[in-house]
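Mapping to the numbering used here: the sequence shown position 153 is 232, numbers consecutive. Below is one structure, written out as structure tokens; the observations come after it.
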Amino acid sequence: MINKFLKATHWQLFTLMFGIPILLQVVTMISMFANIDSDGNPDQTGMLNIMKVFPIIMIIYVGLLFGWLWSIGIGLQKFIPTDIKMKIKKFKILFFVPLTYILFLLVIIGTTFYGFSSGSNAVGGIVGKMLFVVIPLHLFSMFCIFYLLYFVSKTIKTTELKRNVTFSEFAGEFLMIWFFPIGIWFIQPRLNKIASEKSTNGNTVYN
80 MINKFLKATH WQLFTLMFGI PILLQVVTMI SMFANIDSDG NPDQTGMLNI MKVFPIIMII
140 YVGLLFGWLW SIGIGLQKFI PTDIKMKIKK FKILFFVPLT YILFLLVIIG TTFYGFSSGS
200 NAVGGIVGKM LFVVIPLHLF SMFCIFYLLY FVSKTIKTTE LKRNVTFSEF AGEFLMIWFF
260 PIGIWFIQPR LNKIASEKST NGNTVYN
């Protein structure tokens, strides 16, 4: 899977990350308007059924984004000189914090939309009861995501320069990954080039 992410073209990743989710959203919006009667009243049952698509869209988006970040952070390590130590264990631990948090929220939303929770305010009720947990976890997840961006951008620059780098040297990569809908068009070709080369140990990897 790492190999597929590293060797995928920028347009392939962009299409998967944004093209499919956007297409699903467009279809959803069209269906929502189609469920409005002549008096301007929406069909609530139909609207609820349409909203079931939302968790699916988010799962696709989150899965691809985190899969891409993991592939860069872990997959490029074989191209880094052995005398350079990256905090891979820390990256792995912090990687799963926001991923678990997001999936937790999607499970709550999904169980509501798919009829496992009753009441229109089921999501708000569950989240409200766990507010003292959700807020700190949300803030910590944001911190983890910024660390993932930091680690991944540093990994890319370290792989290219084959030496330790400072933040000022990979700040551009950090911003491009932060705004990855645009940055992916510049970052991914560089990943393709790295993945096509030999590792620092002289062994061809990900072929």
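Built from N, CA and C at the ideal position, the CB exists for glycine as well. The structure displayed is predicted, hence computed values, not measured ones.
Buried versus exposed, by CB contacts within 10 Å (16 or more), residue i
| i | result |
| --- | --- |
| F347 | The chain is shown from 80 up to 286; residue 347 falls before or after that span and cannot be answered. |
| L85 | buried |
| T179 | exposed |
| L270 | buried |
| L289 | Coverage of the chain is limited to positions 80 through 286, which leaves residue 289 absent and any answer about it impossible. |
| I263 | buried |
| L218 | exposed |
| F211 | exposed |
| A87 | buried |
| M255 | buried |
| S150 | buried |
Close beta carbons around residue i, own chain, < 7 Å, minus the five adjacent residues each side
| i | result |
| --- | --- |
| P295 | With the chain running from 80 to 286 in the structure shown, residue 295 is simply not present. |
| F97 | P260 |
| V132 | L103 and T107 |
| L95 | L143 |
Own chain, CB closer than 8 Å to residue i, minus 5 neighbours either side, in chain order
| i | result |
| --- | --- |
| G152 | I167, F170, F174, L227, F230, V231 and T234 |
| W257 | L228 |
Distance between beta carbons of residue j and residue i, contact taken as under 8 Å
| i | j | result |
| --- | --- | --- |
| V223 | V186 | According to the sequence shown, residue 223 is Cys rather than Val. With 8 Å as the limit, C223 and V186 do not qualify as a contact, their Cβ atoms being about 19 Å apart. |
| E252 | I273 | Not quite, the Cβ-Cβ distance comes to about 13 Å (not below 8 Å), so this is no contact. |
| I188 | P134 | 6 Å |
| V141 | I172 | Not a contact, Cβ separation roughly 18 Å. |
Three-state secondary structure assigned by DSSP to residue i
| i | result |
| --- | --- |
| K164 | coil |
| S275 | coil |
Cβ shell of residue i (< 6 Å), same chain only, five flanking positions each side left out
| i | result |
| --- | --- |
| V244 | K236 and T237 |
| S199 | Interpretation of S199 is limited by its pLDDT of 46, a score under 50 that renders its predicted location unreliable; the figure taken from the coordinates is listed afterwards. Cβ neighbours of S199 beyond the five flanking positions: none. |
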